[in-house]
Amino acid sequence: MMKKSNLINDRKLAFRFHFPAFFVLLFITLIPLLYTFRLSLFNYQLSIPGSDKEFIGLANYIELIHDAEFFKSIGITLLYVFVSVFVEIVIGIIIALILNKIPFMRRIFTSAILIPMMIAPLVIGLMFSFFTNPQFGLYSYIVNYFELPLPTVLTDKPAIALVTLMIMDIWEWAPYMALVFLSGLQSIEGEFYEAAEIDGANGRQIFWKVTIPLMKPIIAVSGLLRAMECLKEFDKPYIFTGGGPGNATEVIDLFTYKQAFTQFRFSYASALCVVLFITLIVLGVFYEKFTMKEN
Amino acid sequence: MIINRHHKLKVTLAYLFLIAFILFTLMPYAWMILTSFKKRVDAFAIPPKIFFDATLSNYYDVFITKGMIKNLGNSIIVMLVSVAIVMILGLPSAFAFSRFRTKADTILLNFLLGTKFTPFVVMALPLYLIMSRIGLLDTYFGIIVAHVAFNLPFCIWMMKGFFDAVPKSLDEAARVDGYSWFRSFISIDISLAKSGIAATAVFCAINSWNEFLMALILTGRTTATMPVAVPGLVTPRGTLWGQVAAVSTVITVPVLIFAFLVQKHMVSGLTMGAVK
């Protein structure tokens, strides 16, 4: 990854340049994280005075593995992440292939598809609430006008609300996948295609036997990265239905947030945070191993 | 001849498909922007109106009458201050990763990567508890700290790449001329990595501007940023969607303008980690 021979090996000098950033990070990320871990071993709840000093060991973690709501939230999150990212990859590949084929004006199209991923996720949630409002939303109007076999109320049934959230995420991130895959496609050497054409392969064979195998690493890495981001979803379900109907769209970050800020069970929420943190770090190690191998 | 015509047809179809895809994708967004300029009767008209008398009354009502301008100011303050701090702290560190080698590099880089992967709720909960204990909830300090916490690692990662692209021979030449490393960093590397710095700053600014969860937890009545204040307009007794649309437009349009200004770097920043 780094060409070691060119770099200056001077510990004191490096320390001086690194010090400001890492000194601050120590206080604003590392210490808060350690504080969370410590708190997860206590019984701190806002409703019980003095409970922040009551050490209870791993009781929060034990409660966690018996918490059906927690596992339901994990299930919802995994379903949400898996479906959203899978569809984003498929749409991304299709759009990237088409963008790669067109001879001119590619820049205009890539600019236009940058728009969704630049919009604040909170605004995306608001925008879809508005767009699909049963009384005056354009979506409902179109569905009624053309008598399409689609629901007009999207917030009252668990499955429909979850699918709507997936569509929002796909709306936001499928264009991003297209941009990633486009740069991947452009890095494939033309000779692979020439060789395939000389061998008399048709379009479909070239796609499955040349493009996809060569794109596999980039699909895996960007899919993993996107999945890790998607696991942290909060804004869109918060604003769309607040996790409802019931808790049908209560993804894990929203579940944790509610434990902390509507139940005020700070220690229990801390235990959740520790579990989330470890999960993401494990995925991060996978990600790093994978990109290292590619390099 | 036939192959050529076949090819042309294919290309035309590709363009049509792309145009349809983009129109379809941008429809909800365009709809929202249009609504922000509609009077109340037009916004709720059935069938929906595409042509109408444009008005700025939604903007006036929400920003002036309801005081959203205060939240706009908060968003700008938090964004500018946190980005300035991030750049001042981050640039030297990114430069050091690009030029010097120490045994701690791997640990430090992994630490940065780890903070990048940490869910915001995991960072925000302890910050909330610490801030409430020392009485810093609902202060600019609290929310700026939180925004520095997630933007700083990002800035170092992104800037390391831009400093790598500045030829090392230039530093060496400056060193021969008697420049200190710090002076060489300030007067040579920073000015040569200018466009990268601009792109990184824009990136961090957008992250801060769009951020919701931490602001929701750490700000209050006096420091709420725009994303935190908008949900307050959505009420069970009736939502003034025209005003929601107006604020949403003000949140999103500047981002798009800045994103297009640094578009080339924007794509590389966005795809960082996914593409080499």
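As given, the protein sequences belong to chains A and B, one line each in that order. Number 584 in the working numbering belongs to position 159 of the first sequence; there are no gaps in the numbering. Number 229 in the working numbering belongs to position 201 of the second sequence; there are no gaps in the numbering. Beta carbons: idealized from backbone N, C-alpha and C, even for Gly. If you're wondering where the values come from, they're calculated on a predicted model, not measured in any experiment.
9 Å is my cut-off, CB to CB: does tyrosine 618 of chain A come that close to chain B?
No, no contact with chain B.
Against chain A, does isoleucine 245 of chain B count as a neighbour if the rule is that its beta carbon must be under 9 Å from one of theirs?
Cβ-Cβ to chain A under 9 Å: yes for isoleucine 245 of chain B.
Quick check: what's the CA-CA separation for isoleucine 116 of chain B versus methionine 187 of chain B?
If you draw a straight line from the Cα of isoleucine 116 of chain B to the Cα of methionine 187 of chain B, it comes to about 12 Å.
Chain B contact residues for serine 695 of chain A, given Cβ-Cβ distances below 8 Å:
Near serine 695 of chain A (Cβ distances below 8 Å), the residues of chain B are Leu153, Pro154.
Pairing CB atoms from the segment 631-639 of chain A with CB atoms from the segment 217-235 of chain B, are three or more of them under 8 Å?
Cβ pair count under 8 Å is below three, so no.
For a contact meaning CB atoms closer than 7 Å, what does arginine 127 of chain B contact in chain A?
For arginine 127 of chain B, the residues of chain A that pass the 7 Å Cβ criterion are Leu432, Ile433, in the order they occur in the chain.
Once the 5 residues before and after isoleucine 481 of chain A are set aside, which same chain residues still bring their CB inside 6 Å of it?
Sequence-distant Cβ neighbours of isoleucine 481 of chain A in its own chain, meaning closer than 6 Å and more than five residues away, are Asn468.
Tell me the rounded alpha-carbon separation between glutamate 654 of chain A and phenylalanine 702 of chain A.
Glutamate 654 of chain A and phenylalanine 702 of chain A: Cα-Cα distance of roughly 13 Å.
Which residues does DSSP pair with phenylalanine 128 of chain B in a beta bridge?
DSSP, once it has assigned bridges, lists A/Ile433 as partnering phenylalanine 128 of chain B.
Three or more C-beta pairs closer than 8 Å, one from the segment 598-613 of chain A and one from the segment 512-524 of chain A: is that the case here?
Because the criterion of three Cβ pairs below 8 Å is met, the segment 598-613 of chain A and the segment 512-524 of chain A touch.
For methionine 530 of chain A, does the three-state DSSP call read helix, strand or coil?
In the structure shown, methionine 530 of chain A sits in coil (DSSP, three-state: anything other than H, G, I, E or B).
In chain order, which alpha helix (DSSP H) runs of at least 4 residues are fully inside the segment 565-639 of chain A?
583-611, 615-623, 628-631, all fully within the segment 565-639 of chain A.
Use the C-beta contact count for alanine 177 of chain B: other C-beta atoms within 10 angstroms, 16 or more gives buried, fewer gives exposed.
Flag for alanine 177 of chain B reads buried.
Determine the DSSP secondary structure at phenylalanine 72 of chain B, reduced to helix, strand or coil.
In this structure, phenylalanine 72 of chain B counts as coil in the three-state DSSP scheme.
Taking all protein chains shown into account, do 16 or more other C-beta atoms lie within 10 angstroms of the C-beta of glycine 311 of chain B, making it buried, or fewer, making it exposed?
Since the first residue of chain B shown is 29 and the last is 304, residue 311 of chain B is not available in this structure.
Mind checking if lysine 714 of chain A is an interface residue toward chain B, Cβ cutoff 9 Å exclusive?
No, no contact with chain B.
Below 9 Å between beta carbons: does that hold for phenylalanine 286 of chain B and isoleucine 234 of chain B?
It is a contact, given that the beta carbons lie within the stated cut-off.
Report back the beta-carbon spacing between alanine 545 of chain A and phenylalanine 123 of chain B to the nearest angstrom; my notes put them in contact at under 8 Å.
Between phenylalanine 123 of chain B and alanine 545 of chain A the Cβ distance is about 31 Å, and since that is not below 8 Å, they are no contact.
Nearest-angstrom Cβ-Cβ length linking leucine 590 of chain A and phenylalanine 665 of chain A, presumed shorter than 8 Å:
The C-beta separation of leucine 590 of chain A from phenylalanine 665 of chain A comes to about 6 Å, placing the pair in contact by the 8 Å criterion.
What does glutamine 271 of chain B reach in chain A if we use C-beta pairs closer than 9 Å?
Taking a Cβ-Cβ threshold of 9 Å, none of the residues of chain A is close to glutamine 271 of chain B; the smallest such distance is about 11 Å.
Can you tell me whether asparagine 434 of chain A is buried or exposed, with buried defined as 16 or more other CB within 10 angstroms of its CB?
Flag for asparagine 434 of chain A reads exposed.
Roughly how many angstroms separate the alpha carbons of methionine 427 of chain A and leucine 451 of chain A, rounded to a whole number?
With a pLDDT of 46 at methionine 427 of chain A, under the threshold of 50, the predicted position of this residue should be treated as unreliable, though the coordinate-derived value follows. Answer to the nearest angstrom: the Cα atoms are 26 Å apart.
With a cut-off of 8 Å on the beta carbons, I'd call aspartate 199 of chain B and serine 212 of chain B a contact; round off their distance for me.
Contact holds; Cβ gap of about 5 Å.
Please state whether the Cβ-Cβ distance between valine 90 of chain B and leucine 268 of chain B is less than 9 Å.
Cβ atoms of valine 90 of chain B and leucine 268 of chain B: closer than 9 Å.
For leucine 587 of chain A and methionine 593 of chain A, the rounded distance between their alpha carbons:
Cα to Cα, methionine 593 of chain A sits roughly 10 Å from leucine 587 of chain A.
Measuring straight from C-alpha to C-alpha, what distance separates threonine 299 of chain B and phenylalanine 553 of chain A?
Straight across, the Cα-Cα distance linking threonine 299 of chain B with phenylalanine 553 of chain A is about 26 Å.
Can you tell me whether serine 236 of chain B is buried or exposed, with buried defined as 16 or more other CB within 10 angstroms of its CB?
Burial call: buried.
For phenylalanine 231 of chain B, the three-state DSSP class (helix, strand or coil):
Phenylalanine 231 of chain B: helix per DSSP, three-state reduction.
Rounded C-alpha distance that separates alanine 201 of chain B from phenylalanine 686 of chain A:
One C-alpha to the other measures close to 57 Å.
In or out: valine 150 of chain B buried (at least 16 other Cβ within 10 Å) or exposed?
With 16 or more other Cβ atoms inside 10 Å of its own Cβ, valine 150 of chain B counts as buried.
Reduced DSSP category for methionine 427 of chain A - H, G, I as helix; E, B as strand; rest coil
With a pLDDT of only 46 at methionine 427 of chain A, under 50, the local geometry of the prediction cannot be trusted, and the value read off the model is given with reservation. The three-state secondary structure of methionine 427 of chain A, taken from DSSP, is coil.
At 7 Å on the CB atoms, spell out the chain B contacts of glycine 709 of chain A, in chain order.
The answer, in chain order, is Leu141, Gly142, Phe145.
Buried or exposed: where does valine 506 of chain A fall if 16 or more other Cβ atoms within 10 Å of its Cβ makes it buried?
Counting of Cβ neighbours within 10 angstroms places valine 506 of chain A among the buried residues, the total reaching 16 or more.
I'd like the list of long-range same chain contacts for histidine 293 of chain B, defined as Cβ closer than 6 Å, with 5 residues on each side in sequence excluded.
Ala227, listed in sequence order.
Identify the continuous alpha helix (DSSP H) that holds aspartate 678 of chain A and give its terminal residues.
For aspartate 678 of chain A, the enclosing alpha helix (DSSP H) covers residues 677-686.
Got a sec, what are the start and stop residues for the alpha helix (DSSP H) alanine 274 of chain B sits in?
Counting along the chain, the alpha helix (DSSP H) containing alanine 274 of chain B begins and ends at 269-289.
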